[in-house]
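For the sequence shown, this note's numbering assigns the number 1313 to the initial residue and increments by one for each residue that follows. Below you'll find the structure, written out as structure tokens, and then a few comments.
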Amino acid sequence: MEKIVEVLPSLESLIERSLAIVLERINTAIAERGMCAIALAGGSTPKPLYEAISKQPLPWDKIHVFWGDERYVPPEHPDSNQLMARTAWLNKVPIPATNIHPIRTSEVDPAAAASQYEQELVEFFQLSPGELPVLDIILLGIGDDGHTASLFPHTAALKVSDRAVTVGNKDGQPRITFTYPLINKARDVIFLVAGASKRSALTQIFAPVADANNYPSRLIQPQGKLWWLLDGAAGQELPSKSA
1313 MEKIVEVLPS LESLIERSLA IVLERINTAI AERGMCAIAL AGGSTPKPLY EAISKQPLPW
1373 DKIHVFWGDE RYVPPEHPDS NQLMARTAWL NKVPIPATNI HPIRTSEVDP AAAASQYEQE
1433 LVEFFQLSPG ELPVLDIILL GIGDDGHTAS LFPHTAALKV SDRAVTVGNK DGQPRITFTY
1493 PLINKARDVI FLVAGASKRS ALTQIFAPVA DANNYPSRLI QPQGKLWWLL DGAAGQELPS
1553 KSA
């Protein structure tokens, strides 16, 4: 794993830097493998990134979009990660509908929805039994509590190591989420973190020793590159470095 930490002076510069990295990784994936598979994050921080990507002249037919997690709400619900990404990005570009792979939340049982999404990954990536897909890019954020995707502290999802997709839980509300072993298979995992409220969690995530059950983002140790892109408010106490 190659770990890269960059602290940018402002949210605007964070978005500008993340855009440059994402575009470079998309183009590299397409050049090397003929397509790019990217998984999106929810939350407020990546929204301006998605808006910026929508203005780029990319080969949309070669880009496949997945989601790293989703709230268990209808796709038109204001809290839907899919809705946010479609509004900020996907509805604005000529990407084929078949290249968009949302997590379906119409199942009565969230576990069935998790299995359905896992099966979609198996079929898309043509996986053998027990094999995990390798996405080109996975975008992530963190919460003030140190969670990422829908991997929340002290929840059952943190123990799932034999599945690609599972059910997360936030205050009793189900979510569908990539598991940490799936995230760790990615070629590039890019954390986008903004705001002073994240400092405490970041201190624990970057600490030499801490409990990943308390700070699940510590579980993310990908086989490829791990990018931490922070604005000044979030990364004030962390030195920029590559390791």
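Every residue, glycine too, gets a C-beta built ideally from N, C-alpha and C. None of these values were measured; they are calculated from a predicted model.
Residues of its chain near residue i, where Cβ-Cβ distance is below 8 Å and the 5 sequence neighbours each way are ignored
{"i": "Y1384", "result": "T1417, P1422, A1425, Q1485, P1486, R1487 and I1488"}
Per-residue burial, residue i [other beta carbons within 10 Å of its own, 16 or more giving buried]
{"i": "H1466", "result": "exposed"}
{"i": "D1373", "result": "exposed"}
{"i": "K1510", "result": "buried"}
{"i": "D1543", "result": "buried"}
{"i": "G1346", "result": "exposed"}
{"i": "D1456", "result": "exposed"}
Straight-line Cα distance separating residue j from residue i
{"i": "I1517", "j": "A1508", "result": "15 Å"}
{"i": "I1365", "j": "N1403", "result": "12 Å"}
{"i": "V1377", "j": "I1412", "result": "5 Å"}
{"i": "Q1438", "j": "P1534", "result": "21 Å"}
{"i": "E1324", "j": "A1397", "result": "19 Å"}
{"i": "E1357", "j": "F1436", "result": "Glu is not the amino acid found at residue 1357; the sequence shown has Thr there. If you take the alpha carbons of T1357 and F1436, they lie about 28 Å apart."}
{"i": "I1338", "j": "K1471", "result": "31 Å"}
{"i": "S1554", "j": "V1420", "result": "With a pLDDT of 49 at S1554, under the threshold of 50, the predicted position of this residue should be treated as unreliable, and no value is reported."}
{"i": "M1313", "j": "A1400", "result": "31 Å"}
{"i": "K1263", "j": "G1453", "result": "In this structure the chain extends from 1313 to 1555, so residue 1263 is not present and cannot be described."}
{"i": "L1331", "j": "V1521", "result": "32 Å"}
Cut-off 6 Å between Cβ atoms - residues of its own chain near residue i, not counting five sequence neighbours on either side
{"i": "A1341", "result": "C1348 and D1448"}
{"i": "E1382", "result": "N1393, I1415 and I1488"}
{"i": "A1524", "result": "R1530 and L1531"}
Integer Cβ distance of residue i from residue j, believed to fall under 8 Å
{"i": "L1538", "j": "I1316", "result": "7 Å"}
{"i": "A1506", "j": "A1476", "result": "Contact doesn't hold; Cβ gap of about 28 Å is too wide."}
{"i": "G1458", "j": "S1529", "result": "5 Å"}
{"i": "A1461", "j": "F1490", "result": "5 Å"}
Those residues which DSSP pairs with residue i across a bridge
{"i": "N1393", "result": "According to DSSP, N1393 bridges with nothing at all."}
{"i": "L1452", "result": "F1503"}
{"i": "P1486", "result": "N1481"}
Contacting residues, own chain, Cβ-Cβ under 7 Å from residue i (five flanking each side not counted)
{"i": "I1327", "result": "P1360, L1361 and A1364"}
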